[in-house]
Amino acid sequence: MFDNLKGDIPASVVVFFVAIPLCLGIALASGAPLFSGLIAGIVGGIVVGAVSGSQVGVSGPAAGLTAIVLGAITELGSWELFLAAVVLGGVIQVVFGILQAGVIGYFFPSAVIRGMLTGIGLIIILKQIPHFFGYDADPEGDDAFLQADGENTFSELFNMFNYTDDGATIIAFIALGILILWEAVLVKRSKIFNIIPGPLVAVAVGIIWEISMGGGDLGISDEHLVSVPVPDSFDSFIGQFSFPDFSAITQLNVWIIGFTIALVASLETLLCVEATDKLDPRRRVTPTNRELLAQGTGNIISGLIGGLPVTQVIVRSSANIQSGGRTKLSAILHGCLLLVSVIFVPNILNLIPLSVLAAILLLVGYKLAKPSTFLSIYRAGWRQFIPYIVTVVAIIFTDLLIGISLGLIVGIIVILYTSYQNSHFLHMSNANGQRAVVNMVLAEEVTFFNKGAIRKQFDAIPEGALLHLDVRKTQFLDYDVVEIMNDFVTTFRNRNIEVELVKESGTVRNPEDYFEVLGMRSGAVTAH
Numbered sequence: 022m023f024d025n026l027k028g029d030i031p032a033s034v035v036v037f038f039v040a041i042p043l044c045l046g047i048a049l050a051s052g053a054p055l056f057s058g059l060i061a062g063i064v065g066g067i068v069v070g071a072v073s074g075s076q077v078g079v080s081g082p083a084a085g086l087t088a089i090v091l092g093a094i095t096e097l098g099s100w101e102l103f104l105a106a107v108v109l110g111g112v113i114q115v116v117f118g119i120l121q122a123g124v125i126g127y128f129f130p131s132a133v134i135r136g137m138l139t140g141i142g143l144i145i146i147l148k149q150i151p152h153f154f155g156y157d158a159d160p161e162g163d164d165a166f167l168q169a170d171g172e173n174t175f176s177e178l179f180n181m182f183n184y185t186d187d188g189a190t191i192i193a194f195i196a197l198g199i200l201i202l203w204e205a206v207l208v209k210r211s212k213i214f215n216i217i218p219g220p221l222v223a224v225a226v227g228i229i230w231e232i233s234m235g236g237g238d239l240g241i242s243d244e245h246l247v248s249v250p251v252p253d254s255f256d257s258f259i260g261q262f263s264f265p266d267f268s269a270i271t272q273l274n275v276w277i278i279g280f281t282i283a284l285v286a287s288l289e290t291l292l293c294v295e296a297t298d299k300l301d302p303r304r305r306v307t308p309t310n311r312e313l314l315a316q317g318t319g320n321i322i323s324g325l326i327g328g329l330p331v332t333q334v335i336v337r338s339s340a341n342i343q344s345g346g347r348t349k350l351s352a353i354l355h356g357c358l359l360l361v362s363v364i365f366v367p368n369i370l371n372l373i374p375l376s377v378l379a380a381i382l383l384l385v386g387y388k389l390a391k392p393s394t395f396l397s398i399y400r401a402g403w404r405q406f407i408p409y410i411v412t413v414v415a416i417i418f419t420d421l422l423i424g425i426s427l428g429l430i431v432g433i434i435v436i437l438y439t440s441y442q443n444s445h446f447l448h449m450s451n452a453n454g455q456r457a458v459v460n461m462v463l464a465e466e467v468t469f470f471n472k473g474a475i476r477k478q479f480d481a482i483p484e485g486a487l488l489h490l491d492v493r494k495t496q497f498l499d500y501d502v503v504e505i506m507n508d509f510v511t512t513f514r515n516r517n518i519e520v521e522l523v524k525e526s527g528t529v530r531n532p533e534d535y536f537e538v539l540g541m542r543s544g545a546v547t548a549h
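Numbering-wise (this note's numbering), the sequence shown opens with residue 22 and increments by one.
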């Protein structure tokens, strides 16, 4: 874990700056206390980071749960009752891990996962542009198309022109220039620029701008700055923690909400695990069952001390990887930085312009959604591109889970269509110019999905032809397909079509009962 300190320490600083506004914004959008978002970020970094088997994943409060949290708090009527549901959700996730439910993550097609990464990259860009220009009506971390402020992702872009802030915009462009210069030029000139992260310099310049320009025409008003709760004493700091009320633990709605949190958080985590493993330069594979155990442990602890539910999140994880994070130390350190900063320097954090943090996130989004990614997927063929582009568009116009679901459905349809096409190989020729010879070789696995294709080919065989039906390579032949063969026995005889069924054990001429010849009287078995 300590083999990559020169990369993990700067990466933890970058993730720390990315996490602050997201933790606060997600709490605000969820209708929860602001401090609960910071608690979730701290627990996600330190606790989940330590227990997880992921080397580059970063956990914290997730935008995908905001609607669930907001509705649950309203339904239960109490923040403390909701915390009890979060603890229950964590326990259920631990049970998922014990039951080896993490295998679900392996069933998502690569094209859908890559579409998720690109879609999230575009969402980051679209959502951060208003913040970049000083328009902060929609909370940071809101990734849904229909926003909490009554606008949608695209109407917000037009609406922001009426509310831009000159000071926030200027310092955002300065910060973006620093970040681009740092990465494109300075890191190649000297090792010192690899040690000091560019985002740290950009944030420091933003703080200096706010201190020097505060009160002037180019000063930045409080609503455009980070807003971490500032306790006036140790007692008031401790008072920000809340504790679950287990008095209603027997109520059905508490259990339903707990299960919903566990299910959605687990799915979002497994999707992000697949995505971060693809982004990991070292191509390490995260143990998914251990990840569910880690997330469940994190949610139990977060719920017990007043935090939002946590999941592994792609924005922080991708920022970590892009900034040089290579071991779990970066995730743990980012949690420690959150903890130390909210205790000792909340006033300094509250001098950071949101537009500077938006500049950092814009670069994160661009790296996830590079034009070259579109081109590479397009060149891979339509079977990859269609599920990919459907996932991207659906994420932009709905949210993460709906977008992934639609992409998965399209991916399944593509697989079924491909299976329909690839049931057999067909070659037709004329023997001595007298009769047509049709060579039909069935695939290794032929299921009921292939019924239509095979029936169509049988119908197209010309009258008086010789059909060589080769099943030597077929390991699985569905009952439904053999039933079609039997249906054509009379048809072939009436059309003077001769059939030679070629098996490993020999050739059978004009079979009258394919079930008997193939030994398939009961259900679908092997063709041999």
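Where a beta carbon is used, it is the ideal one built from N, C-alpha and C, also for glycine. Here the structure is a predicted model, which means the values were calculated and not measured.
Residue i - containing alpha helix (DSSP H), residue span
| i | result |
| --- | --- |
| residue 305 | Neither: residue 305 is in no alpha helix (DSSP H) and is coded neither H nor E. |
| residue 511 | 500 to 515 |
| residue 332 | From DSSP, residue 332 is part of no alpha helix (DSSP H) but of the beta strand (DSSP E) over 331 to 334. |
| residue 477 | 472 to 481 |
| residue 190 | 187 to 202 |
| residue 256 | 255 to 259 |
| residue 415 | 403 to 418 |
| residue 387 | 375 to 389 |
| residue 63 | 55 to 64 |
| residue 367 | 367 to 370 |
| residue 69 | Here residue 69 belongs to no alpha helix (DSSP H), and DSSP marks it neither H nor E. |
| residue 536 | 535 to 539 |
Reduced DSSP secondary structure (H/G/I, E/B, other) of residue i
| i | result |
| --- | --- |
| residue 316 | helix |
| residue 79 | strand |
| residue 311 | helix |
| residue 348 | coil |
| residue 211 | coil |
| residue 530 | strand |
| residue 143 | helix |
| residue 220 | helix |
| residue 22 | coil |
| residue 395 | helix |
| residue 96 | helix |
| residue 181 | helix |
| residue 167 | strand |
| residue 466 | strand |
| residue 264 | coil |
Proximal residues to residue i (C-beta, below 6 Å), its chain only, five neighbours per side dropped
| i | result |
| --- | --- |
| residue 151 | 177, 181 |
| residue 450 | 458 |
| residue 165 | 420 |
| residue 174 | 147, 166 |
Nearest-angstrom Cβ-Cβ length linking residue i and residue j, presumed shorter than 8 Å
| i | j | result |
| --- | --- | --- |
| residue 44 | residue 62 | 4 Å |
| residue 29 | residue 360 | Residue 29 to residue 360, Cβ: 17 Å. No contact. |
| residue 382 | residue 145 | 5 Å |
| residue 505 | residue 482 | The Cβ separation is near 13 Å, so there is no contact. |
| residue 317 | residue 115 | 4 Å |
| residue 289 | residue 85 | 5 Å |
| residue 73 | residue 349 | 7 Å |
Neighbourhood of residue i by C-beta, 8 Å cutoff - its chain only, sequence neighbours within 5 removed
| i | result |
| --- | --- |
| residue 157 | 151, 244, 245, 375 |
| residue 94 | 51, 52, 53, 100, 103 |
| residue 409 | 132, 133, 135, 136, 139, 398, 428 |
| residue 293 | 78, 332, 333, 334, 335, 338 |
Counted within 10 angstroms of its Cβ, other Cβ atoms place residue i as buried (16 or more) or exposed
| i | result |
| --- | --- |
| residue 496 | exposed |
| residue 139 | buried |
| residue 465 | exposed |
| residue 230 | buried |
| residue 149 | buried |
| residue 535 | buried |
| residue 403 | exposed |
| residue 213 | exposed |
| residue 541 | buried |
| residue 76 | buried |
| residue 56 | buried |
| residue 499 | buried |
| residue 268 | exposed |
Same chain only: Cβ atoms within 7 Å of residue i, ignoring 5 sequence neighbours per side
| i | result |
| --- | --- |
| residue 64 | 319, 322, 323, 328, 331 |
| residue 265 | 101, 104, 105, 108, 324, 325 |
| residue 169 | 50, 159, 160, 163 |
| residue 439 | 404 |
| residue 185 | 154, 155, 156 |
Boundaries of the beta strand (DSSP E) in which residue i is found, first to last residue
| i | result |
| --- | --- |
| residue 245 | Careful: residue 245 lies outside any beta strand (DSSP E) and carries neither H nor E. |
| residue 456 | 456 to 463 |
| residue 301 | Looking at the DSSP string, residue 301 is not in any beta strand (DSSP E), and its letter there is neither H nor E. |
| residue 519 | 519 to 524 |
| residue 487 | 487 to 491 |
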